[in-house]
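Asker: What the sequence shown shows, in UniProt numbering, is residues 1 to 143, in sequence order. Glycine included, C-beta positions come from ideal geometry on N, C-alpha and C. The structure's right below; bear with me while I get my questions together.
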Amino acid sequence: MDIKWTWGKKDACYEDALAIRKAVFIGEQGIDPRLELDGTDEDKMHYVGYVDGQPVTTARIDMLAGNRVKIQRVATVASARQHGYAGELIKSIIADGQRSEVAHIELDAQLTALPFYQELGFVPVGEPFEEAGIQHRTVEYRG
C-alpha cells in the first residue's frame, strides 16, 4: 500500500480522503453530513492509503497542544476491508508521530472497532460516550 498525506484541503489526496469518508460515514453509517463535514478539514492532516492507485483507507489527524495528536475519521471503503489496510495506515501514522517526537496519540474509537485498536497498542480510557449517534470510547496509544 502506498500512503500519502496532505495538510488542509490542498490537493487530490484530500479529495480522496473526503470521498472515502463520505462513502463510509455518510453513506454507510448514516451520519449527518453536517456532523461529518465539520468545517475543520483545513486545519488537519489527511492520510490516504492507496492500493493499485486507488484510495482505500483514510484518517484525519488533529494536532493538539502539548505535542499531542488525535487520530480522527478512520475509514476504509467496503471493498477493501479485512485486508489490513487501516492497520497499516494507523501504524504509519504512529511511526510518523514517533519520528516527530509526538508525546501522546489518542482517538475516539467506535465501540465496534475497539478490539482493532487494542491490537494496535491502544488502551481504552474513560467511559463510553455517544458521538453522531454511535457509541465511542477514547483510546490512547501505549505501544
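With C-beta atoms as the reference, is K91 less than 8 Å away from D62?
Answerer: Sequence index remark: in the sequence shown, residue 91 carries index 91 (1-based). Sequence index remark: in the sequence shown, residue 62 carries index 62 (1-based). It is not a contact, given that the beta carbons lie outside the stated cut-off.
Asker: With distances taken between CB atoms, is the gap from L35 to A113 smaller than 8 Å?
Answerer: Position 35 of the sequence shown holds residue 35. Position 113 of the sequence shown holds residue 113. Cβ distance not < 8 Å, so L35 and A113 don't count as in contact.
Asker: Just to confirm, is the Cβ distance from R137 to A109 under 8 Å?
Answerer: Along the sequence shown, one-based indexing puts residue 137 at 137. Along the sequence shown, one-based indexing puts residue 109 at 109. Their beta carbons are under 8 Å apart, which means R137 touches A109 by this criterion.
Asker: Determine which residues share a DSSP beta bridge with residue 165 and list them.
Answerer: The chain is shown only over 1 to 143; residue 165 falls outside these bounds and no answer can be derived.
Asker: Note down the Cα distance separating E42 from V48, rounded to an integer number of angstroms.
Answerer: The residue labelled residue 42 in the question sits at position 42 within the sequence shown. The residue labelled residue 48 in the question sits at position 48 within the sequence shown. Each residue's Cα considered, the two are about 16 Å apart.
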